[in-house]
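**Q** Got a structure for you, questions after.
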Amino acid sequence: MNTPALTALRAGLARGVTEFRHSMTSKDDLLSHVGMIVVFVAVSLMMRGRHVAGTDVPIANMWMPGLMGLTVSISGVLTVASLLATEREDGTLLRAKAVPKGMVGYLVGKAVHIVLVTASLVAVLVVLATLLLDGFTMGGPVGWATVAWVTVLGLLATAPLGAVAGSLITSPRAVMSVLMLPFMAVMGISGVFYQAGSLPEWMQWIAQALPLYWIALGMRSAFLPDSMLVVEIVQSWRLDQAALVLAAWAVAGFLVAVPVLRRMARRQSGARVEAGRRRAMQRG
598 MNTPALTALR AGLARGVTEF RHSMTSKDDL LSHVGMIVVF VAVSLMMRGR HVAGTDVPIA
658 NMWMPGLMGL TVSISGVLTV ASLLATERED GTLLRAKAVP KGMVGYLVGK AVHIVLVTAS
718 LVAVLVVLAT LLLDGFTMGG PVGWATVAWV TVLGLLATAP LGAVAGSLIT SPRAVMSVLM
778 LPFMAVMGIS GVFYQAGSLP EWMQWIAQAL PLYWIALGMR SAFLPDSMLV VEIVQSWRLD
838 QAALVLAAWA VAGFLVAVPV LRRMARRQSG ARVEAGRRRA MQRG
């Protein structure tokens with residue numbers, strides 16, 4: 598039975614796969630996706646001779662799971678916000694709005710695209726770390742399962758934040774300038790590249806209230822030995838708490854993001870798109 602919703606779902610899935618293929622063949626997209634990974638991997642390799650204080654684990658081996666968690670968060674917040682703002686300005690959203698259930702197909706397509714790109718980047722990081730870092734291994738099937746659910750749940754927790762930001766920020770070029778500073782601040786207190794347990798207690802509480810800390814913690818649990826628990830905040834991987842916090846962020850985020858996206862879609866018109874294009878040409 599081909600209902601409009603089912604047709605939109607199928608179209609969204611096909612669109613997401615097509616956009617993913619385009620991303621993997623576009624030089625600009627590949628440079629954007631891979632550039633940061635190359636930088637962090639290079640820095641990690643430079644740190645191979647140093648160990649995390651109080652453990653025998655190389656700093657580089659701790660950084661790589663943190664980089665995987667950071668990649669998930671960047672995809673969910675910055676990439677989603679940038680895509681949404683760009684496609685609002687170039688008329689893609691307006692065209693989706695004009696088709697029955699078009700917004701459903703659009704959102705499904707974006708979700709598929711982001712999930713596939715993020716999963717690919719995480720997989721590349723796993724392969725590079727396994728090949729280049731001594732003692733870096735996945736914790737068996739349980740480790741693979743952990744990486745999978747942390748990636749998916751992490752995207753569900755962060756993508757609504759990106760959607761809200763992309764809906765509210767007026768210019769695609771302003772997305773990075775507006776979001777980068779607070780994102781870097783969150784990264785700085787979330788223990789992505791060092792022990793969060795060494796931070797002041799009030800910073801630890803803030804970090805544990807945000808998704809990035811739990812995404813990075815989940816990734817570390819999949820790759821690092823239990824001896825690394827001595828540098829964690831409560832000497833536990835706390836995967837059950839990680840799942841609960843990320844699920845709570847996902848639910849709360851979607852409750853906020855859905856009405857914001859609906860409001861943005863209702864306000865889209867040909868006149869707004871044309872005005873946006875004129876502003877972009879003037880800035881260019």
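First residue of the sequence shown? That's 598 in our numbering, and the numbers climb one at a time after it. Don't be surprised by glycine CBs; every beta carbon is placed ideally from N, CA and C.
Alpha carbon to alpha carbon, how far is Ala-726 from Gly-651? Give it in angstroms, no decimals.
**A** Using only the alpha carbons, I get a separation of about 22 Å.
**Q** Could you have a look at Pro-655 and say whether DSSP puts it in helix, strand or coil?
**A** strand
**Q** In angstroms, rounded to a whole number, what distance separates the CA positions of Leu-681 and Lys-694?
**A** Distance between the alpha carbons of Leu-681 and Lys-694 is about 14 Å.
**Q** Just grab the DSSP bridge partners of His-648 for me.
**A** Residue pairing by DSSP places His-648 opposite Pro-655 in a beta bridge.
**Q** Leu-690: which of Pro-662, Val-721, Lys-707 and Val-674 sits nearest, CA to CA?
**A** Lys-707
**Q** Run through the segment 601–633 for me and flag every whole alpha helix (DSSP H) of 4 or more residues, listed as ranges in chain order.
**A** 601–622
**Q** According to the Cβ coordinates, are Gly-736 and Ala-813 closer than 7 Å?
**A** no
**Q** Do you know whose CA, among Val-669, Pro-697 and Ser-672, lies nearest Ala-608's CA?
**A** Pro-697
**Q** CA-CA distance, Gly-850 and Trp-802?
**A** 20 Å
**Q** Output needed for Leu-722: all residues of its chain with C-beta closer than 8 Å, excluding positions within five of it in sequence on either side, in chain order.
**A** Ile-634, Val-638, Met-661, Leu-664, Met-665 and Thr-668
**Q** Identify the continuous alpha helix (DSSP H) that holds Trp-799 and give its terminal residues.
**A** Start and end: 798–805.
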